[in-house]
Amino acid sequence: MKSGTYASTVSQSARALGLSLASVIAVAATPAFAQDTASAPAAAETAAAAGGYTPMTPTPGVGMPVAEGIGLQQQYSKIGEYGAWIHNGVLMPIITLICILVLLLLIVVAVRYNRRSNPVASKTSHNTLIEVIWTLVPVLILIGIAVPSIDLIAKQYKPAPKGALTIKVTGNQWFWTYGYPDNGDFEVVSNMLNPVTGPTINNGIRKVGSEPWDGPSHLEVDNRMVVPAGEPIRLQITASDVIHSFAVPSLWFKLDAVPGRINEKVLLIEKPGVYYGQCSELCGAKHGYMPIAVEALPRDKYDAWVMTHPGAKIDNPNAAAGSETDYLPGEEPAGAAPAADASAAPAAAEAE
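Residue numbers (mature numbering (1 follows the signal peptide of the UniProt record, and there is no 0)): -34 to -1, 1 to 318.
In structure tokens:
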């Protein structure tokens, strides 16, 4: 009996010793393992400590429609400012003058050449001066409109600078997906917030106004497309099902999202803010419920937002500072290759 008790005591002591040794080994191995696997969360915590990310509260009337608004929205990109100038400073004055001229001509004809004032109608069939005027003047007007219009189109589709941040936009029925390949290839799914009154549009999504940073109903989303302000951004736009259209009026941006095709355009937002748009292509029953919310942040705050996503990394914000642009193969302008070779020669000399 005593021998059994003694054996049991020895067995329990050996088990306790084994557990103690296992604990010591586990504790000793944990720091090295954690150091390898927790580097990304540590970077995210560092970014959060430096400021983190809180969604920006939109400014009423900025980047969104306004009540009783007439004309274009206030523009917050250089291309938008140029386009608004063409509309307000070129097209509208020309259209106004043409309308006034036509109205005056109609009044003159109605007053002077009616049956009572002019019982004997003129039989004039040709007037060389008038024919020359009504042929040349419209031609000159169209040329005056074409010059800035073609310049605007060329500026809108100028290739992005080398090293510019790339964001992939995908239209879906009926929400948007934003991919960030330069920041670790994470994705953000953006759904419209449910209105306070009326039917539920997106199940599982909160109602608009439940957070202090929410914008207008039917325009605010649960996850915005966050971009750095003041930098050219390469947007690559496509669709997963039917044709959509990514359009933000206050940024002078509109580009179709076509399944199986990638359309590319440069977006540059001059100042931080929240800018709203909507899908501008009839894409199905809930076409009116897939808004776009673009949040432009200063670079440091954008980097902090990036690091809140698993596996994220910071891209090189200085790579887009150069004036060189990306071209498709065969589209490089004449003289581009020799310039590159000439710039490489001094670098090789310095290396020697």
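From the three backbone atoms N, C-alpha and C, an ideal C-beta is built for every residue, glycine too.
Tell me the rounded alpha-carbon separation between residue i and residue j.
i, j, result
"Pro225", "Ile235", "27 Å"
"Ala278", "Ala112", "45 Å"
"Tyr19", "Pro165", "31 Å"
"Tyr241", "Tyr268", "16 Å"
"Thr143", "Cys249", "16 Å"
"Glu261", "Leu102", "48 Å"
"Asn282", "Ile119", "29 Å"
"His210", "Gly254", "11 Å"
"Asp188", "Ile109", "46 Å"
"Val162", "Trp179", "15 Å"
"Leu221", "Phe212", "5 Å"
"Val193", "Leu72", "53 Å"
"Thr136", "Leu67", "48 Å"
"Trp51", "Asp117", "13 Å"
"Gly27", "Ile36", "13 Å"
"Val154", "Leu106", "49 Å"
"Gly49", "Ala130", "23 Å"
"Phe(-2)", "Gly150", "Here the model assigns Phe(-2) a pLDDT of 29, short of 50, so the residue's position is not dependable, and the following value carries that caveat. Looking at the two C-alpha atoms, the distance is approximately 22 Å."
"Phe152", "Trp100", "60 Å"
"Ala205", "Tyr79", "59 Å"
"Val54", "Asn93", "Reading off the sequence shown, one finds Asn at residue 54, where the question assumed Val. Taking the straight line from one Cα to the other gives about 35 Å."
"Asn160", "Met191", "18 Å"
"Arg81", "Val75", "11 Å"
"Gly170", "Ser156", "13 Å"
"Ser115", "Val98", "26 Å"
"Val272", "Ala33", "35 Å"
"Cys245", "Pro59", "31 Å"
"Val86", "Val56", "42 Å"
"Gln40", "Ile64", "26 Å"
"Leu70", "Ser83", "17 Å"
"Ser91", "Val77", "21 Å"
"Val146", "Leu217", "In the sequence as presented, Val is not what sits at residue 146; that position holds Tyr. Distance between the alpha carbons of Tyr146 and Leu217: 20 Å."
"Gly239", "His275", "21 Å"
"Ile61", "Phe219", "24 Å"
"Lys177", "Ser183", "The sequence given here places Glu at residue 177; Lys does not occur at that position. Between Glu177 and Ser183, the C-alpha separation is close to 12 Å."
"Phe141", "Met158", "7 Å"
"Arg227", "Pro198", "22 Å"
"Gly196", "Asp207", "33 Å"
For the alpha helix (DSSP H) that residue i lies in, which residues bound it at each end?
i, result
"Met58", "Met58 to Arg78"
"Ile199", "Unbroken run through Ile199 is the beta strand (DSSP E), Ile199 to Ala205; no alpha helix (DSSP H)."
Quick test of your reading: residue i and residue j, contact by CB under 8 Å. State the CB separation rounded to the nearest angstrom.
i, j, result
"residue 332", "Lys173", "Only positions -34 to 318 of the chain appear in this structure, which leaves residue 332 out of reach."
"Gln122", "Ile45", "6 Å"
"Ala270", "Arg200", "Their Cβ separation, rounded to whole angstroms, is 22 Å, which puts Ala270 and Arg200 out of contact at 8 Å."
"Gly243", "Pro215", "6 Å"
"Met30", "Pro24", "7 Å"
"Leu185", "Pro104", "No, Leu185 and Pro104 are not in contact; Cβ-Cβ is about 41 Å, not under 8 Å."
"Gln202", "Glu247", "Not confirmed; about 17 Å, so no contact."
"Val232", "Lys124", "7 Å"
"Lys252", "Ile167", "7 Å"
"Ala259", "Gly181", "7 Å"
Using the three-state DSSP reduction, which class does residue i fall into: helix, strand or coil?
i, result
"Pro215", "helix"
"His53", "helix"
"residue 319", "With the chain represented from -34 up to 318, any question about residue 319 goes unanswered, as that position is not in the structure."
"Pro165", "coil"
"Glu177", "coil"
"Ser43", "coil"
I'd like the span of the beta strand (DSSP E) that includes residue i, first residue to last.
i, result
"Glu153", "Phe152 to Ser156"
"Met191", "Met191 to Pro194"
Can you find a heavy atom of the ligand NAD that lies under 7 Å from the Cβ of residue i?
i, result
"Tyr144", "This structure simply doesn't include the ligand NAD, nor any ligand for that matter."
Using a Cβ cut-off of 8 Å (strictly closer), state whether residue i contacts chain B.
i, result
"Ala33", "In the structure shown, chain B does not exist; there is a single protein chain."
Requested in this report: Taking only runs that begin and end inside the segment 223 to 286, name each unbroken beta strand (DSSP E) of 3 or more residues, in chain order.
Outcome: 229 to 233, 239 to 245 and 257 to 263
Query raised in the report: Whole beta strand (DSSP E) runs in the segment 88 to 147 with 3 or more residues, listed along the chain?
Result: 131 to 138 and 141 to 146
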